[in-house]
Amino acid sequence: MKKITIAIDGYSSTGKSTVAKQLADHLGYVYVDSGAMYRAVTLYAMQHGIISESNFDTEKLIESLSSIQLKFIKEANWNKAHIFLNGKDVENEIRNLEVSKYVSPIATIHEVRVKLVAQQQLMGLEKGVVMDGRDIGTVVFPNAELKIFMNASANERAQRRYKELIARGETVDFKDVLKNIQDRDRIDTTRDDSPLRKATDAIEIDNSEMNLEDQFHTVLQLAKDRIAGRV
Ligand code: CDP
Numbered sequence: 324m325k326k327i328t329i330a331i332d333g334y335s336s337t338g339k340s341t342v343a344k345q346l347a348d349h350l351g352y353v354y355v356d357s358g359a360m361y362r363a364v365t366l367y368a369m370q371h372g373i374i375s376e377s378n379f380d381t382e383k384l385i386e387s388l389s390s391i392q393l394k395f396i397k398e399a400n401w402n403k404a405h406i407f408l409n410g411k412d413v414e415n416e417i418r419n420l421e422v423s424k425y426v427s428p429i430a431t432i433h434e435v436r437v438k439l440v441a442q443q444q445l446m447g448l449e450k451g452v453v454m455d456g457r458d459i460g461t462v463v464f465p466n467a468e469l470k471i472f473m474n475a476s477a478n479e480r481a482q483r484r485y486k487e488l489i490a491r492g493e494t495v496d497f498k499d500v501l502k503n504i505q506d507r508d509r510i511d512t513t514r515d516d517s518p519l520r521k522a523t524d525a526i527e528i529d530n531s532e533m534n535l536e537d538q539f540h541t542v543l544q545l546a547k548d549r550i551a552g553r554v
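If you read the sequence shown in our numbering, its first letter stands for residue 324, the second for the next number, and so on.
What follows is the structure in structure tokens.
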């Protein structure tokens, strides 16, 4: 069967990764979480004193980029690939609110984006890939056969992310989670390089009122139509 490229973009915590993963599993495609790559670079910067409350050394990060190796590895008993930063599994560590606080400023740096976009494009060379992020349909795969743009209200998104963090055992305040989402939305949509925006040929889905099953079936139908060449 013909393989296509599926790009899923949208605001923070819109459930992009959930639907992307479901779709990839169902179609036997590779799922790539591009946000995990920006998060892993951020973790590196935090661990090396490059970014902190009082410091943001862009030059040092750019100089360090050649020392940052990112790799996705999937073991049979994991339900998704984990991201490895210089040989270490950081899948869990990159999801905390501290990383979320610094990731969007890091993602504005042109040199960071050039490095990660090149790696993402290599992963998509053979098609049969579902990738989620902010610039997948606009920059990484502008020729993707299916582009989805996901949205939901900021409050709904913050509720979802808050529940996720609490379930992972983190101690967080709802207002901090909401503020982080609003800050990231602002930085991601206003940056000069590859701002988050809906590609002109993307299909927008607002899932504020949709359950996971409805959302999955809507997107799956769109994918099946594209694979069959019906649209
Ligand atoms: O899962 P969540 O919605 O919190 O975000 P993510 O997909 O893990 O992405 C974290 C951050 O990385 C975003 O807020 C963006 O600043 C950045 N990002 C990006 O600039 N481009 C991408 N393709 C993916 C993520």
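Here a beta-carbon is modelled for each residue, glycine too, at the ideal position from N, C-alpha and C.
Fair warning: this is a prediction, and the values are worked out from it, not measured in the lab.
Which whole runs of the alpha helix (DSSP H) in the region 356-393 are 4 residues long or more, in chain order?
-> Those alpha helix (DSSP H) runs which fall completely within the region 356-393 and span 4+ residues are 357-370 and 381-387.
DSSP state of Asp511, grouped into three classes?
-> In this structure, DSSP gives Asp511 a helical state, which the three-state scheme calls helix.
Alpha-carbon spacing of Ile329 relative to Ser423, whole angstroms | Distance between the alpha carbons of Ile329 and Ser423 is about 25 angstroms.
Between Ser476 and the rest of its own chain, which residues show a CB-CB distance below 6 angstroms, the 5 nearest in sequence each way excluded?
-> Spatial neighbours of Ser476 in its own chain (CB-CB distance under 6 angstroms, excluding positions within 5 residues in sequence) are listed in chain order as Ser531.
Check the DSSP bridge columns for Asp529 and list the partner residues they point to.
-> Note: Asp529 sits in a beta bridge opposite Asn474.
Sorry if obvious, but does the Cβ on Ser340 come closer than 7 angstroms to a heavy atom of the ligand CDP?
-> For Ser340, the Cβ falls inside the 7 angstroms cut-off from some heavy atom of the ligand CDP.
Unbroken alpha helix (DSSP H) run spanning Thr341, endpoints | Where Thr341 is concerned, the enclosing alpha helix (DSSP H) starts and stops at Lys339 to Leu350.
Within 7 angstroms: the Cβ of Arg491 and any heavy atom of the ligand CDP?
-> No; taking the cut-off as 7 angstroms, the Cβ of Arg491 has no heavy atom of the ligand CDP nearer than that.
Top-ranked residue by Cα proximity to Phe420, from Ala522, Thr513, Gly460 and Phe497 = The residue asked about is misnamed: residue 420 is Leu in this sequence, not Phe. It is Phe497 whose Cα lies nearest to the Cα of Leu420.
Does the Cβ-Cβ distance between Thr337 and Asn474 come in under 8 angstroms?
-> Yes; because the gap between Cβ atoms is below 8 angstroms, this pair is in contact.
Straight-line gap, Ile528 to Leu393 (C-alpha atoms, nearest Å) = Between the C-alpha atoms of Ile528 and Leu393 there is a straight-line separation of about 31 angstroms.
Using a threshold of 8 angstroms, state whether the C-beta atoms of Leu366 and Ile432 are closer than that.
-> No, they are not a contact pair.
From Gln482, Gly447 and Arg507, pick the residue whose C-alpha is nearest to that of Lys326; which is it?
-> Of all alpha-carbon atoms in Gln482, Gly447 and Arg507, the one lying nearest the alpha-carbon of Lys326 is that of Gly447.
By Cβ distance, which residues of its chain are closer than 7 angstroms to Asp524, with the 5 residues on each side in sequence left out?
-> The residues are Lys470.
Output the distance between the C-alpha atoms of Pro465 and Ile459, rounded to the nearest integer angstrom.
-> Looking at the two C-alpha atoms, the distance is approximately 7 angstroms.
How close, in whole Å, do the beta carbons of Ser517 and Thr461 come, if the pair is a contact with beta carbons under 8 angstroms?
-> Sure, about 7 angstroms apart at Cβ, within 8 angstroms.
Is the beta carbon of Gly460 within less than 7 angstroms of some heavy atom of the ligand CDP?
-> Answer for Gly460: no, Cβ out of range of the ligand CDP.
Less than 7 angstroms between the CB of Ser427 and some heavy atom of the ligand CDP, yes or no?
-> Yes; taking the cut-off as 7 angstroms, the Cβ of Ser427 has a heavy atom of the ligand CDP nearer than that.
What residues in its chain sit with their C-beta under 7 angstroms from that of Asn534, if we drop five residues either side in the sequence?
-> Spatial neighbours of Asn534 in its own chain (CB-CB distance under 7 angstroms, excluding positions within 5 residues in sequence) are not present.
Spatial neighbours of Gly552 in its chain, beta-carbon cut-off 8 angstroms, leaving aside the 5 residues before and after | The answer, listed in chain order, is Lys325.
From the DSSP output, read off the bridge partner residues of His405.
-> Bridge partners of His405: Ile396.
Residues bridged to Arg329 by DSSP?
-> Note that residue 329 corresponds to Ile in the displayed sequence, not to Arg. Answer by DSSP bridge pairing, in chain order: Val453 and Leu469.
Using the C-alpha atoms, what's the distance from Lys450 back to Ile510?
-> Roughly 30 angstroms separates the two Cα atoms.
Determine whether the Cβ of Lys438 lies closer than 8 angstroms to any Cβ atom of chain C.
-> Considering every chain present, this structure includes no chain C. It has just one protein chain.
Going by the CB atoms, is the gap between Val355 and Met454 shorter than 8 angstroms?
-> Cβ atoms of Met454 and Val355: closer than 8 angstroms.
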